[in-house]
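**Q** Read in order, the letters of the sequence shown are residues 29 to 348 in my numbering.
Shown below is the structure under consideration.
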Amino acid sequence: MEETNFHRAPMTSIEPDADIEDESISVIEKAHDGPAPSEETVNFSVERNMEAAPGLDPLARKKSYWQKLAIFQADSFQRKANFRGMILRPLIFFSFPVISFSGFMYGAIVCYFNILNGTASVILSSPPYNFSASKVGLSYVSCLIGVFIGAFFSGPLGDRFVLWKARRNNGIMEPEHRLWLYTSLYILISGGFLVWGLGAAHQIHWFGLVFAMGMLAAAITIGCQLPISYCIDSYKNMSGDAIVTVILIRNTMSFAVSYGVTPWTETMGYQNAFIMAAFVAMAQISLFFTLIKYGKRLRKASTPHYWKYVNQLQAEGLVH
């Protein structure tokens with residue numbers, strides 16, 4: 029992947045160039061012979077000459093294709109890399125409620141995928157479905173369709189919804205506006221679990237199970253995007269390290285639940301296990317109401333710590 033982070037030296041002053049000054053003055057003098065030029069015309073002429081002037085040294089030159097793909101960037105060795113800070117900051121960010129909330133919501137959604145993935149092969153390959161391995165894999169086409177639907181809902185439609193909320197808020201967009209999209213997961217996740225678990229217990233037609241897989245895939249896509257966007261919108265300038273904290277929480281939750289899916293469903297049965305999963309999901313999703321009410325207050329309370337770590341990141345050249 030191309031490197032998008034560039035080292036930009038601070039511009040303190042620009043040395044005047046005689047050629048540029050003469051050309052700029054001549055443009056203005058010639059313009060006085062005719063109609064008075066607009067300010068935009070003069071500025072455009074001066075800027076065009078400045079761009080073409082060989083005396084100016086641009087602060088950031090465009091990199092070639094191969095320079096963008098290089099494993100090691102020469103500019104990176106000019107920065108002060110503080111590995112201690114890079115290790116400790118993601119751990120310190122556990123104290124930010126918004127970041128911990130984002131990690132928990134992200135991890136819970138990934139757990140739901142693990143529950144689906146851990147039971148799909150067992151259910152579909154057992155009687156009365158008796159799917160072969162290839163047919164079980166083919167059933168995940170519904171998940172692919174669900175991912176596209178979920179991405180469209182949380183992406184373009186979600187952005188329009190946030191803009192609509194901002195207009196109703198005197199033109200001010202707040203990160204909590206995006207959390208209202210969690211309401212769609214009440215139907216998709218809880219409904220998907222009920223159709224999946226009850227359908228498997230009562231051996232409904234295979235299309236019902238495949239449809240439930242699509243519902244859950246759409247919900248999981250939405251649920252993965254929302255906490256990431258909320259975290260980045262809340263702490264944009266330190267989002268790199270904040271996302272590391274989110275991923276630490278997510279991976280811990282995902283790793284832990286993988287060992288309990290099979291014993292859980294075998295002990296309780298598909299019907300009771302997925303009824304429980306549906307209601308647990310509803311309780312987990314409802315946590316977004318807490319952040320809608322208190323999220324802005326929590327972000328304001330973390331302002332001093334936020335700028336403290338932003339200054340550290342800027343000193344290390346880690347702010348994009």
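By construction, the Cβ of each residue, glycine as well, lies at the ideal position given by its N, Cα and C atoms.
The structure displayed is predicted, hence computed values, not measured ones.
Return the chain-ordered list of same chain residues with a C-beta closer than 7 Å to the C-beta of Thr290, the five sequence neighbours on each side being excluded.
**A** Around Thr290: Gly146.
**Q** Can you give me the start and stop residues for the alpha helix (DSSP H) that Asn300 sits inside?
**A** Run containing Asn300: Val289 to Ile313, per the alpha helix (DSSP H) assignment.
**Q** Might you give, ordered along the chain, the residues of its own chain that have their beta carbon closer than 6 Å to the beta carbon of Val138, omitting 5 neighbours on each side?
**A** Taken in chain order, the residues that qualify are Arg278 and Ser282.
**Q** Between the beta-carbon of Tyr298 and the beta-carbon of Ser130, is there less than 9 Å?
**A** Taking 9 Å as the Cβ cut-off, Tyr298 and Ser130 do not qualify as a contacting pair.
**Q** Once you ignore the five residues that flank Tyr337 on each side, which residues in its own chain have a CB closer than 6 Å to its CB?
**A** These residues qualify, in order along the chain: Met266.
**Q** Since Gly220 contacts Ala194 with CB under 8 Å, what's their CB separation in whole angstroms?
**A** With 8 Å as the limit, Gly220 and Ala194 do not qualify as a contact, their Cβ atoms being about 31 Å apart.
**Q** What span of residues does the alpha helix (DSSP H) with Leu185 cover, start to end?
**A** Here Leu185 belongs to no alpha helix (DSSP H), and DSSP marks it neither H nor E.
**Q** Would you call Pro255 buried or exposed, if buried means 16 or more other Cβ atoms sit within 10 Å of its Cβ?
**A** So Pro255 counts as buried.
**Q** Between Ala311 and Ile217, how many whole angstroms is the CB-CB distance? I'm expecting something under 8 Å.
**A** Rounded, the Cβ-Cβ distance is 11 Å, inconsistent with contact.
**Q** So, using beta-carbon positions, are Val285 and Asn142 closer together than 9 Å?
**A** Yes, the Cβ-Cβ distance between Val285 and Asn142 is below 9 Å.
**Q** When the Cα atoms are used, what is the spatial distance from Gln95 to Arg89?
**A** The straight-line gap from Cα to Cα measures roughly 11 Å.
**Q** First and last residue of the alpha helix (DSSP H) that includes His333?
**A** Here the alpha helix (DSSP H) through His333 covers Thr331 to Ala343.
**Q** What distance in whole Å lies between the Cβ atoms of Ile250 and Ser182, which are believed to be in contact at a cut-off of 8 Å?
**A** Right, their Cβ atoms sit about 4 Å apart.
**Q** Is the stretch 225-241 touching the stretch 144-163, taking contact as three or more C-beta pairs under 8 Å?
**A** Result yes; three or more Cβ-Cβ pairs closer than 8 Å.
**Q** Quick one: which unbroken alpha helix (DSSP H) runs of 4-plus residues sit fully inside the stretch 164-209? Chain order, please.
**A** Entirely contained in the stretch 164-209, the alpha helix (DSSP H) runs reaching 4 residues are, in chain order, 169-180 and 186-196.
**Q** Should Thr318 go down as buried or exposed, given a rule of 16 or more other Cβ atoms within 10 Å for buried?
**A** Its Cβ having fewer than 16 others within 10 Å, Thr318 is exposed.
**Q** Here's the rule I'm using: 16 or more other beta-carbon atoms within 10 Å means buried, otherwise exposed. How should His205 be labelled?
**A** Burial call: buried.
**Q** In the structure shown, what three-state DSSP assignment does Ser123 receive?
**A** Correct three-state label for Ser123: helix.
**Q** Taking the alpha-carbon of Ile313 as reference, which of Phe302, Ala179, Ala329 and Tyr134 has the nearest alpha-carbon?
**A** Per the Cα distances, Tyr134.
**Q** Could you give the first and the last residue of the continuous alpha helix (DSSP H) run that contains Arg89?
**A** Looking at the DSSP string, Arg89 is not in any alpha helix (DSSP H), and its letter there is neither H nor E.
**Q** Given that a residue counts as buried once 16 or more other Cβ atoms are within 10 Å of its Cβ, and exposed if not, what is Trp335?
**A** Trp335 should be labelled exposed.
**Q** Among residues of its own chain, excluding the 5 on either side of Ile177, which ones have a beta-carbon nearer than 6 Å to its beta-carbon?
**A** Excluding sequence neighbours, Ile177 sits near Ala246.
**Q** Could you have a look at Leu254 and say whether DSSP puts it in helix, strand or coil?
**A** DSSP places Leu254 in helix when its eight states are reduced to three.
**Q** What is the rounded straight-line gap between the Cα of Lys91 and the Cα of Pro203?
**A** Those two C-alpha atoms are separated by around 34 Å.
**Q** For Trp224 and chain B, any beta-carbon pair shorter than 9 Å?
**A** Looking for chain B here will not work: only one protein chain is present.
**Q** Give the DSSP-derived three-state secondary structure of His230 in the structure shown.
**A** Three-state DSSP puts His230 in a helix.
**Q** Determine, using beta carbons only, whether Pro125 and Leu326 come nearer to each other than 9 Å.
**A** Yes, the pair counts as a contact, with Cβ atoms nearer than the cut-off.
**Q** Please state whether the Cβ-Cβ distance between Ile303 and Leu222 is less than 9 Å.
**A** In contact: Ile303 and Leu222 (Cβ atoms closer than 9 Å).
**Q** Give every residue of the same chain whose Cβ lies closer than 7 Å to the Cβ of Phe132, excluding the five residues on either side of it in the sequence, and list them in chain order.
**A** Answer for Phe132: Ile277, listed in chain order.
**Q** Whole angstroms are fine: how far does the CA of Val347 sit from the CA of Val164?
**A** Using only the alpha carbons, I get a separation of about 45 Å.
**Q** Check each candidate in Tyr93, Leu209 and Ala229 and name the one with the smallest Cα separation from Val190.
**A** Residue Leu209 is the option with its Cα nearest to Val190.
**Q** Would you report the Cα separation of Asp187 and Ser162, rounded to the nearest angstrom?
**A** So the two alpha carbons sit approximately 38 Å from each other.
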